[in-house]
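If you're matching positions, the sequence shown starts at 1 in the UniProt record's numbering and goes up one per residue.
Virtual Cβ for every residue (Gly too), placed ideally from N, Cα, C.
Okay, so here's the structure we're looking at.
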Amino acid sequence: MTTKPLIQMNNIGKMFGEDEYQHSVLEGIDLTINKGDFLMILGKSGSGKTTLMNIIGFLDDLSTGDYLFLGQKVSELKETKKAELRNQYIGFIFQQFFLIESLNIKQNIELPLVYSGIHSKKERKKKAKHYLDLVGIGDKMTAKTTQLSGGQQQRAAIARALINEPLMIMADEPTGALDSETSLAIMTLLKDLNQQGITIVMVTHDEDLLRYATRVVRISDGQLTEEGIA
C-alpha cells in the first residue's frame, strides 16, 4: 500500500507587493515531503528558502499553486484550522531561540501544551521533564533562560518543539548562532530524532551540514534547481 505524502506542493508561487511593485519570491515550486524524511533546503540569503519554509509551516500564504498537507488543501483552510494543524503536527526551531526570559525553562517548553488546552500541571510537568531529559538538559527545569548557554537554550527550544509530539520539525538555521562544537551536538540530536521517525525540514546555507540529511533541495532565485540525496 502506498503511503500518502506528508506534504505535496505543486507549482507553488509567492508574490510580494502590488501592481508595478509586485515581485516574485518563489516560482514553480514542486516538492513532495514524505514521513521520515530529513530534508534540507539549501540556499543563500535572499534565495527564497525561508519563505518556502514559512509556507510549508502555515506561517505565510502561497500566491499560486496547490499545497496539500496530509491530503488537505491548505488554501481552503481557515486560519483557526491552520493554527490547530500547526500546533498538533509541526514543531518549530529557529536560529533565535525565542524563549521568554520571565519564565523558567519548564514554563517555556510547556507553552504549546497550554495552547493545546492541557490544564493539568502534573501532566505538563511530566512531559516537560521527559523532553528536557531527551535533549540532555533535564537538570535545567527551573533555570532561567539567561542562566543557560546558547547550546542549552537551543536544546530547550528543541524540547519545546517536541512536546506536542509533532509529525514534523521545521528548523530555520538552527545552528546559525552556535559555535562549531555546539552545532555538531545539535545536529547529532536532530539526526537521532529523525531516526526515531520524526520528519525534519531544515533551512540552511551551510553545505557542511548536508551530510545529516536524507534529501537535499537547492533553491536559488526562488526556484528549485537541484534535488538529490545527501
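Point to revise | Unbroken alpha helix (DSSP H) run spanning Thr51, endpoints | key: For the purposes of this step, residue 51 is taken as the residue at position 51 of the sequence shown. That run of the alpha helix (DSSP H) goes 49 to 56.
Check your understanding: How big is the Cα-Cα spacing for His23 and Ser220?
Key -> In the sequence shown, counting from the first residue as 1, residue 23 sits at position 23. In the sequence shown, counting from the first residue as 1, residue 220 sits at position 220. Their backbone Cα atoms lie some 15 Å apart in a straight line.
Review point. Which residues in the same chain as Tyr212 place their Cβ atom closer than 6 Å to its Cβ, once the five residues preceding and following it in sequence are excluded?
Key: For this step, residue 212 is matched to residue 212 along the sequence shown. Around Tyr212: Met187, Lys191.
Check your understanding: Can you tell me the Cα-Cα spacing of Thr3 and Gly36, whole angstroms?
Key -> For the purposes of this step, residue 3 is taken as residue 3 along the sequence shown, with counting starting at 1. For the purposes of this step, residue 36 is taken as residue 36 along the sequence shown, with counting starting at 1. Rounded to whole angstroms, Thr3 to Gly36 spans 11 Å at the Cα level.
Check your understanding: What residues are listed by DSSP as bridge partners for Phe38?
Key -> Indexing the sequence shown from 1 puts residue 38 at position 38. Answer is Ile200.
Review point. Which of helix, strand or coil does DSSP assign to Ser45?
Key: Position 45 of the sequence shown, counted from the start, is the residue given in the question as residue 45. DSSP places Ser45 in coil when its eight states are reduced to three.
Check your understanding: Is there contact between the stretch 192 to 204 and the stretch 169 to 177, where contact requires at least three CB pairs shorter than 8 Å?
Key -> When C-beta atoms of the stretch 192 to 204 are compared with those of the stretch 169 to 177, three or more pairs fall below 8 Å, so the two segments count as touching.
Point to revise | Where the beta strand (DSSP E) containing Ser183 begins and where it ends | key: By 1-based counting over the sequence shown, the position of residue 183 is 183. DSSP places Ser183 in no beta strand (DSSP E) but in the uninterrupted alpha helix (DSSP H) bounded by 180 to 195.
Review point. Among the residues of its own chain, which have a CB less than 7 Å from the CB of Met1, if the five just before and after it don't count?
Key: By 1-based counting over the sequence shown, the position of residue 1 is 1. Here the model assigns Met1 a pLDDT of 47, short of 50, so the residue's position is not dependable and the matter cannot be decided.
Practice item. Quick one: using the 10 Å Cβ neighbour count with 16 as the cut-off for buried, is Ile100 buried or exposed? Key: What you label residue 100 is simply residue 100 of the sequence shown in a count that begins at 1. The residue is exposed, with fewer than 16 neighbouring Cβ atoms inside 10 Å.
Check your understanding: Using CA coordinates, which residue listed in Leu59, Gly43, Gln8 is at the minimum distance from Phe92?
Key -> Walking along the sequence shown from the start, residue 92 turns up at place 92. Per the Cα distances, Leu59.
Practice item. Would you list the residues sitting across from Ser220 in a DSSP beta bridge? Key: In the sequence shown, counting from the first residue as 1, residue 220 sits at position 220. DSSP output for Ser220 lists Gln223 as bridge partner(s).
Exercise for review: Could you check how far apart the C-beta atoms of Gly57 and Arg86 are, in whole angstroms? I think they sit under 8 Å.
Suggested key: Position 57 of the sequence shown holds residue 57. Position 86 of the sequence shown holds residue 86. Correct: roughly 7 Å between the Cβ atoms.
Check your understanding: Do Thr51 and Leu26 have their C-beta atoms within less than 8 Å of each other?
Key -> Position 51 of the sequence shown, counted from the first residue, corresponds to residue 51. Position 26 of the sequence shown, counted from the first residue, corresponds to residue 26. Yes.
Exercise for review: Keeping to the same chain, check which residues put their C-beta closer than 6 Å to that of Phe94; ignore five residues upstream and five downstream.
Suggested key: Counted from its first residue, the sequence shown places residue 94 at position 94. Short of 6 Å from the beta carbon of Phe94, and not among the five residues preceding or following it, lie these beta carbons of its own chain, in chain order: Asp172.
Review point. Where are the alpha helix (DSSP H) runs, 4 residues long or more, that stay fully inside the stretch 143 to 175, in chain order?
Key: Unbroken alpha helix (DSSP H) stretches of 4 residues or longer found wholly inside the stretch 143 to 175: 150 to 162, given in chain order.
Practice item. Give me the Cα-Cα distance between Met202 and Gly117, rounded to the nearest whole angstrom. Key: Taking the first residue of the sequence shown as 1, we reach residue 202 at position 202. Taking the first residue of the sequence shown as 1, we reach residue 117 at position 117. Rounded to the nearest angstrom, the gap between the Cα atoms of Met202 and Gly117 is 28 Å.
Review point. With a Cβ-Cβ cutoff of 8 Å, do Gly150 and Ala177 count as a contact?
Key: Here residue 150 refers to the residue found at position 150 when the sequence shown is read from its first residue. Here residue 177 refers to the residue found at position 177 when the sequence shown is read from its first residue. When the beta-carbon positions are compared, Gly150 and Ala177 come within less than 8 Å of each other.
Point to revise | Span separating the alpha-carbon of Gly71 from that of Ile163 | key: Looking up residue 71 in the sequence shown gives position 71. Looking up residue 163 in the sequence shown gives position 163. Those two C-alpha atoms are separated by around 24 Å.
Exercise for review: Can you tell me which of the three DSSP states Glu79 falls into?
Suggested key: Within the sequence shown, numbered from 1, the residue matching residue 79 stands at position 79. Glu79 falls in the helix class under three-state DSSP.
Review point. So Ala161 and Leu148 are in contact, right, with Cβ under 8 Å, and what is the actual spacing, rounded?
Key: Within the sequence shown, the letter at position 161 stands for residue 161. Within the sequence shown, the letter at position 148 stands for residue 148. Between Leu148 and Ala161 the Cβ distance is about 16 Å, and since that is not below 8 Å, they are no contact.
**Study point:** CA-to-CA distance, Lys121 to Ala128, given in whole angstroms
**Key:** Within the sequence shown, residue 128 is the residue found at index 128, counting from 1. Within the sequence shown, residue 121 is the residue found at index 121, counting from 1. Cα to Cα, Ala128 sits roughly 10 Å from Lys121.
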